[in-house]
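Here is the structure we will look at, set down as structure tokens.
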Amino acid sequence: MSTAMQIYNTLLEHFGRQHWWPADTRFEVIVGAILTQQTSWRNVEKAIDNLKEAGMLDTGAIADADLDHLEELIRPSGYFKQKSIRLKGVCQHLKDEWAADLDEFFNRGLDDIRTELLSLHGIGKETADSILNYAGDKMIFVVDAYTVRLSSRLPIKAIESAKYDDVQDFFHSNLPQDLYVYQEFHALIVKLCVDCCRSGPRCDICPLKTACSFFLGGLDPAQLS
DNA sequence: ACCCAGGTGGCCC
DNA sequence: GGGCCACATGGG
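For what it's worth, our numbering labels the leading residue of the first sequence as 111, then goes sequentially.
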């Protein structure tokens, strides 16, 4: 079994299933992915609740929304001036180019969708991959700051650098091609970092132990790859 | 009163 | 290609 899979099993056993992404619809995943950029999920929930209560959690509604109104609704998620423009722009794109039909939008090759998402203002690699993986059920591993942090604390030589593409390549190369594993693993890494690494390492309660350097019950770092 | 949060784009060299 | 910066609310 690969080192990556051992880490996954350890986290899953310790924390249990995370049931990500926390959203009712694919569109809600897209909205949340944009709003959660550099922002705690708690604040994003408030913004999404505001959108729901206003009947604005809808592609066309946001595409046609008054910018000031949109700003007020998503204000709790921070960067609200930027995010309102970006969120509206993405919705306008989905409405104009895809008639707001996400089934059609996702019904093609991963690379085509990813290129299109990355061309939109306000969607970078992590947001694009979150949308692809959790809204589109595509086989692509989401890398975020937590994933990079974890990777840098593990003695994994196969990761070339602490850069997005290298970290992502590692997981792609060392995990079974299983959508469930991809989705759950990323969620577990977030759970791990929120519970154990926030505000300084909490290695006393971390299931990977000692800043993750001697994890998995004494597995020899020399055999890691 | 700090520090951080499930990033991104713009600018500079 | 890399290094800095602005963006903003809310919780520990």
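Just so it is clear, CB atoms sit at the ideal spot from N, CA and C, and this is done for glycine as well.
- Query: Out of curiosity, what's the CA-to-CA distance linking W130 and L289?
  - Reply: Looking at the two C-alpha atoms, the distance is approximately 12 Å.
- Closest to A191 by CA distance: which of L177, C201, Q202 is it? Residue identity differs from the one stated: residue 191 is Lys in this sequence, not Ala. Residue L177 is the option with its Cα nearest to K191.
- For G126, the nearest candidate out of L318, A297, C306 (CA to CA): Cα-wise, what sits closest to G126 is A297.
- Rounded to a whole number of angstroms, what is the C-alpha to C-alpha distance between G142 and T257? 19 Å
- Task: Pull up the distance between the alpha-carbon of T169 and that of D275, whole angstroms please.
- Result: 30 Å
- Message: Spatial neighbours of N344 within its chain, please: C-beta separation below 7 Å, excluding the five flanking residues on both sides.
- Response: For residue 344 there is no data in the structure shown, the boundaries of the chain being 111 and 335.
- Could you work out which residue in L121, A209, Q116, F281 is closest to L302 when comparing CA atoms only? L121
- Query: Given I223, which residues of its chain have a CB within under 8 Å of its CB, disregarding the five upstream and five downstream residues?
  - Reply: Within the same chain, I223 has close Cβ partners F215, F216, L242, G246, K248.
- Message: Assuming contact is defined by CB atoms lying nearer than 8 Å, are M115 and L264 in contact in what I supplied?
- Response: no
- Task: Give every residue of the same chain whose Cβ lies closer than 6 Å to the Cβ of I117, excluding the five residues on either side of it in the sequence, and list them in chain order.
- Result: none
- Task: Please name the residue, chosen from L204, F295, I266, K273, that lies closest to R136 on a Cα-to-Cα basis.
- Result: L204
- Message: If you follow the alpha helix (DSSP H) that V252 is in, where does it begin and where does it stop?
- Response: Here V252 belongs to no alpha helix (DSSP H), and DSSP marks it neither H nor E.
- Task: May I have a chain-ordered list of the beta strand (DSSP E) segments no shorter than 3 residues that lie completely inside the stretch 253 to 303?
- Result: none
- Kindly indicate which three-state DSSP category C316 falls into: helix, strand or coil? coil
- Please state if the CB of E236 and the CB of D254 are separated by a distance shorter than 8 Å. In terms of Cβ geometry, D254 and E236 form a close pair [threshold 8 Å].
- Query: What runs of the alpha helix (DSSP H), each 4 residues or longer, lie entirely inside the stretch 199 to 233?
  - Reply: 212 to 216, 220 to 228
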